[in-house]
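Enquirer:
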Amino acid sequence: MRMLLDITDLTKSYEGPEGRIEVLRGIDLSLGAGQTLALTGESGSGKSTLLHLVGGLDQADGGRIVIDGTDITDLDDAGRAALRRDTVSIVFQQFNLIPSLDVAANIAFQARLAGRHEPDRNHALAAALGLTDQLGKYPEDLSGGQQQRVAIARTLAAQPRLVLADEPTGNLDEATAAKVLDQMLALVAETGAALMMATHSPGLAARLDARVNLSLGQLA
Amino acid sequence: MSRATLGALWSFWRRNPLQLFTLVAGLALATALWSGVQALNAEARASYDAAASVLGEGRFDQIVPRAGDTIAQGSYLALRRAGWQVGPVIEGPLDAGDTQLRIVGIDPLTAPAGLGPVTQADDTVLQDFVAEGVLFAHPGVAEALEAALAQRVVADPGLPPDTAITDIGIAQRVLDRPGELSRLIVAEQQPMARPPLDEIASDLVLQPSQQTADIAQLTDSFHLNLTAFGLLSFAVGIFIVHGAIGLAFEQRRGIIRTLRTLGLPLRQLIALMVLELLILSLVAGGIGVLLGYLLAATLLPDVAATLEGLYGARISGSLSLNPAWWLSGLAIALLGTALAATGALWRIARMPVLASGKARAWAVASGRLRGLQGAAVAALLLASGLLTVLGDGLIAGFAGLACLLIGAALALPVILDALLTLAQRRARGVRSEWFWADTRQQLPGLRLALMALLLAMAANVGVSTMVSSFRLTFIGFLDQRLTAELYVGVESEDEAPRLQEFAEPRTDAILPLLSVDTRLADQPTQLFGARVGPSYADNWSFIASDGPVWERVDGGEAVIINEQLARRADLWPGDSLPITPDVTLPIAGVAGDYGNPKGQAVIGEALFRDLYPAERATRFGLRTDDPSALRDALVDEFGIDPGQITDQAALKRFSLDVFERTFTVTGALNILTLAVAGFAMLMSLLTLAGMRVPQLAPAWALGVTRAELGRLELLRAVILAGLTLLVALPLGLALAWMLLAVINVEAFGWRLPMYLFPLDYARLGAFALLAAMLAALWPARRLARTPAAHLLKVFANAN
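One line per chain: the protein sequences are A and B, in this order. First residue of the first sequence? That's 946 in the numbering used here, and the numbers climb one at a time after it. First residue of the second sequence? That's 356 in the numbering used here, and the numbers climb one at a time after it.
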C-alpha cells in the first residue's frame, strides 16, 4: 500500500517555566491512503502536538514528515498554508467555526478556499449530518454536537486527502459523541481520505483500523 | 479565495453593526473636524493669494503718500518722466445698493505683469479694460455692481472677495476722484540711472514689499491656532478609531486563527485586512469630508468676521470645493486609520497560528508594556518642559503642548489604576471590594475612551480659562484705552482747527489722534503723538516702566512702546530706540496692548509735531461729562455728520463683538471635541457591554440582581469620568498657562495674565459627569434587562 503519511524520527520540545520540555521524542509512524488511525495517550503525552505538526500548524525540531510525497518540514508559512488548504484538514475539539458566518457559509468556506466548492456536495454532507434545517443559523444558535457536525461537514466538503481530528467528540456527551463519530467515519470512508484521530476514549479508538499509544512523547 | 476571505471578514461587521458604526463614525468625525478646519484655512489663504496676485498686495514695492491717502496724478507723471517704472492704482469703497465693495483701478499698460483679472486673462481683456469700460468683479458682488452702475460687469472668481477691478479712468469716475491716485506699484526691473524718489516727489515714500499688506504672514498665527484645534479634535477622533479597530481585531482573533488553520496564508490575510480597512476608511473619510464641508460652511462667516476685525483681511463668505482639499481629507482619513490599525495588524502578523483564539483580556497591558508606557510618559513630559523653557517659535510651543497632552493621556490609565487599587484596598464589604476590582478590570477596555475624554475636558478647561482671562484683560484694556467719551473725525485737515476751537469750551480735554506708519527697531510700527494729560496718566498701566513715564514722554525725553514691539525687538525700559535718524529716545514704559498684532510707540505731541510737521490730526478724542449734549452740539451747531462721531460705548461694543466672534470658532470646536469624547465613551461602553456578560454572570449567579448590576455599571462610568475629571483639571490649567504664556506670546506678541474660574470648571465637571452617565445609561439598561438565559449560557459554554 502506498503511504500517504510518513513520519520519521520526529522530535519537538517547548521552553517551559521549569526548563525545556521534550514533548515528542523520535516518533516514527506511517498511514496509508484510506486508513484510519487512533492516537491515544494521557493528557500531555504529545497527541495534539503531533497532530499540529502533521497539519503544518507548528514546526518540528527534528525528523521528517512526508505527506503524499512532499516533505512538509521544510515548507515556509505559505507552503504550509497551501498544505492545509489542499491536502490536510483538521477537526478541532473547540469546533473553530466562524461565528459571523451562517452554517451553510461555514460548511462551504474551506472548499471555497481550496477551489473545490461543490454546492450539491455540501448539501449532501449537510443532509448526511442532519444539518439541513440548520443551514441558515449561526454557530451560537447551535448545540455543541451540531457545531461539531458543521466542523466535520466543512472538513469533508474540502475533500482533503488526510483528515486530522483532535478529540473531535471531547466536548460532547457519550450518545452524541457516538453518533457524530459514526457519521464522520462513514463519510471519511466514502471519500477515501485517511484519518488520524487523537482520543482519550478506548471505545472510540477501538472502532478505527489501527491504534497507537503515545506515552511521554514516544510511541508505546 | 480572496472573495471567500473578504466575505468572512466582512461578516464580522455585518454581525456587529454597532462596532462598524463606531469605527466609521469615529473616523468620519475626526476627518470632519480636521478637514473642516483645513477648508477654513484654505479658503482664507485663497483669498489672500487672490489679493496678492490680482492686486499686487505684498508682492511689489509700492510708493505711497507720506500723509493722507491720495497721490496727485502729477506726481505719478513726474516719476514716469524721470524713468521710474511705476503703475498707478486707485482704490476706494463703493456702496452698490446694500453691498459694500472695493473698487480697484489699474492701468493695464503700466501695471507689472500678472496684475489684473485672473480667469479672464486673454487678449480680449486689455481691449475690454481700456476701450469697453468693463468692470471685473468677484461673483459675490458682480450682480449688485451691475445693478448700480451703467458699465458692463464681468464676474471673475479669481478676484478677492468684495472687490471689483477696472481701468483706472473708469475707477476714478466711479469713485468720483478725478486726477487722484492711491498708490503706485513699482515694477521689479528699474533703470539704473533714475533720480531718487525724494528729488521728484518728497511727499511720497517707498514701501518695500514685505512692509505692505502682508496679510498671509499676519494671519499665520490665527490659522496655526485653528490647525492646532483641528489636530486636537482629530486626535480625539483617532482615539475612537484606535479603540474600535483594536477591539474588532481582538474579537476576530478566533476567526483569524480559523482562517489560518483552514489554509489562508498570513500575508494574504494581512493584505485583505488592509484592503478591508482601506475601503472602510475611504467610506468614512468621504462622509467626514462632507461633514467637514458643512462644518466649515457654518463657521466661515465667523472666521471671515474675525479675520477682518483683527487683521483687516477680507476673505470670501462662501466656501468653494477645492479638489486638493477633499483629497487631503481622504488622505488624512487613510493616515488616521493607518495610525490606529498599525499596532493591531502588527500583533496579528506576529500571532502564532496556534495562539489562543479567545480575545485576550482586551488590551490588558503587560508589565513590560506598562514599563514602556511609563518611560514614554516621562520622556514626553520632559520633552514638553524642555520645549516650553528652551524652545523658540510657535511650532516649538505647539510641540510642547502636544507632548504635554499626549504624555498626560498615556499617564491616565496608570493614575486611574493606582486610584482604583487604593479604593479596592480601602473597601469595606465584599460587594464594594468586588465593585472596585471589577472597575479595574474594565479600565483596559475603557482607557482609550477615557483618554479622549481627558483630552476633551482638558482642552475645555484650558481654552475656557484662556478665553475668559483674555476677556477680563481685554475689557480692562478697553476701559484704559478708550478714555474719551466721544471720538470725532473731520473730513479734511483744514476743518480740524475749527473743530478744536468749537470743542475747547465744551470739553474737559481734547486728545488729537496723531499717528504715522513707520519702521522702528526694524519693525513696522505705528508711531503716535499723545497730548499728555490725566486721560493718559490716570488710565494707562504698564507691564514695565522706568521713572515718571508720562512726564518724561510729555517733555519729549522718552518713548512708550507696546508689548508686541518690546518682545519682537527685545526692547525694555532703559533701552534706547531711534525714532528718526536724528532723534533717539530712551524707553520709559512698555504697555500691554491687546487690540492688534502690530508694534506701536507713543511720543509726546510736541515732539511728534516737530518730527512730522506735515501730519495733522483728523480724528480727536473728546473728554466730557455729558457726551450726549456734546454730540448734539457738534451735530446741530457745528454741523458735523453724525456718522463722524463714535461714542465710547459703541466702540467698546464693536471691539467686544470682534472679540466674541474671534472665539466663536474655537468655542464651537471645543464643544464638538467634547461631544466626540462623549460619543467615544458611549460606543466603548456599548461595545464592552457584550463582553461584560461572561464577567458579570458569576456575580449574578452568586446573588447580585440584574438591576443592581445595571446600577453599578452606571455608577462605574460616573466614577471613572469623575476621576478623569480630577486629572483633566490640572492638565487643563497647565494647558491654559501654556496658551497664555507661551503660545500667545509667540503668536500675537503679548502675554496675558491668567485668572481662574472655579464656577466654570464646576459646570464643566457637572456636564462631563452627566455626559458619562448618559453614555452609560443605555448599556446599563441593556445589561439590567439581559435575559437570564443569556447569563446561563455563559455557564453552558464555559469551555
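Cβ atoms here follow ideal geometry from the backbone N, Cα and C, with glycine treated the same way.
#1: At a Cβ threshold of 8 Å, is Ala720 of chain B touching chain A?
#2: Are the Cβ atoms of Ala385 of chain B and Ile593 of chain B separated by less than 8 Å?
#3: Grab me the residues of Thr1079 of chain B's own chain with a C-beta within less than 6 Å of its C-beta, minus the 5 sequence neighbours each way, in chain order.
#4: Which bits of chain B does Ile1017 of chain A rub up against, with CB to CB less than 9 Å?
#5: I'd like the ranges of any alpha helix (DSSP H) spanning at least 4 consecutive residues and lying wholly in the segment 990–1036 of chain A.
#6: Here's the rule: buried if 16 or more other CB atoms are within 10 angstroms of the residue's CB, otherwise exposed. What is Gln374 of chain B?
#7: Closer than 7 Å by C-beta to Gln1104 of chain A: which residues in its own chain qualify, once you throw out the five before and the five after it? Chain order, please.
#8: Under 8 Å between C-beta atoms, does Pro620 of chain B make it to chain A?
#9: Give the range of the beta strand (DSSP E) segment to which Ala1139 of chain A is assigned.
#10: I think Leu395 of chain B touches Leu587 of chain B, with their Cβ atoms under 8 Å apart; what is that distance to the nearest whole Å?
#11: Along the segment 984–998 of chain A, where does the CB come closer than 8 Å to a CB of chain B? Name the residues.
#12: Count the CB pairs spanning the segment 1023–1037 of chain A and the segment 1143–1162 of chain A that are closer than 8 Å, and state whether there are at least three.
#13: Can you tell me whether Gly961 of chain A is buried or exposed? The criterion is at least 16 other CB atoms within 10 Å of its CB, across all chains shown.
#14: What do you reckon, are the CB atoms on Lys992 of chain A and Ala1143 of chain A nearer than 8 Å?
#15: Is Leu1043 of chain B helix, strand or coil when you go by DSSP?
#16: Would you kindly report the start and end of the unbroken beta strand (DSSP E) that includes Pro1147 of chain A?
#17: For Gln955 of chain B, does the three-state DSSP call read helix, strand or coil?
#18: Between Ser823 of chain B and the rest of its own chain, which residues show a CB-CB distance below 6 Å, the 5 nearest in sequence each way excluded?
#19: Compute the beta-carbon to beta-carbon distance between Asn894 of chain B and Thr979 of chain B, rounded to the nearest angstrom, for a pair I have assumed lies under 8 Å.
#20: Check whether the Cβ of Asp1086 of chain A lies closer than 8 Å to any Cβ atom in chain B.
#21: Taking Cβ positions only, does Ala1059 of chain A come closer than 8 Å to chain B?
#22: First and last residue of the beta strand (DSSP E) that includes Leu950 of chain A?
#23: Tell whether a beta-carbon distance below 8 Å holds between Ala688 of chain B and Gly643 of chain B.
#24: Can you give me the C-alpha to C-alpha distance between Met1129 of chain A and Gly598 of chain B, rounded to a whole angstrom?
#25: Where are the alpha helix (DSSP H) runs, 4 residues long or more, that stay fully inside the segment 1026–1101 of chain B, in chain order?
#26: For Leu646 of chain B, collect the residues of the same chain with a Cβ closer than 7 Å to its Cβ; drop the 5 residues on either side in sequence, then sort them by chain order.
#27: Quick test of the definition: if touching needs 3 or more C-beta pairs under 8 Å, does the segment 1072–1080 of chain A touch the segment 1107–1115 of chain A?
#28: I believe Gly452 of chain B touches Ala502 of chain B by the beta-carbon criterion, under 8 Å. Please report the beta-carbon distance rounded to the nearest angstrom.
#29: Name the residues in the segment 380–394 of chain B whose C-beta lies less than 7 Å from a C-beta of chain A; which are they?
#30: Name, in chain order, the residues that DSSP records as bridge partners for Ser870 of chain B.
#31: Would you please verify whether the beta carbon of Gln1055 of chain A is less than 8 Å from any beta carbon of chain B?
#32: Can you find a C-beta in chain B that's less than 8 Å from the C-beta of Ala1138 of chain A?
#33: Going by beta-carbon coordinates alone, are Ala696 of chain B and Ile761 of chain B separated by less than 8 Å?
#34: Candidates A:Gly979, A:Ile972, A:Tyr959, A:Gly971: which alpha carbon is nearest Met1141 of chain A's?
#35: Let me check one thing: in DSSP terms, what residues is Asp450 of chain B bridge-paired to?
#36: Assign Met547 of chain B to one of two classes, buried (16 or more other C-beta atoms within 10 Å of its C-beta) or exposed (fewer than that).
Expert: Taking the geometry as given:
#1: Residue confidence for Ala720 of chain B is low, a pLDDT of 43 falling below 50, so the modelled location carries little weight and cannot support an answer.
#2: yes
#3: Leu805, Leu808, Leu809
#4: In chain order: nothing, as chain B lies at least about 13 Å away.
#5: 992–999, 1022–1031
#6: buried
#7: Arg1061, Thr1136
#8: yes
#9: 1139–1143
#10: That belief does not hold up - the Cβ atoms of Leu395 of chain B and Leu587 of chain B are roughly 15 Å apart, past 8 Å.
#11: His997
#12: no
#13: exposed
#14: yes
#15: helix
#16: Pro1147 of chain A -> not in any beta strand (DSSP E); alpha helix (DSSP H) instead, spanning 1147–1150.
#17: strand
#18: Phe1112
#19: Actually they do not touch by this definition, with Cβ atoms about 16 Å apart.
#20: no
#21: yes
#22: 948–961
#23: yes
#24: 42 Å
#25: 1061–1093
#26: Ala383, Ala387
#27: no
#28: 6 Å
#29: none
#30: B:Phe883
#31: yes
#32: no
#33: no
#34: A:Gly979
#35: B:Gln455
#36: exposed
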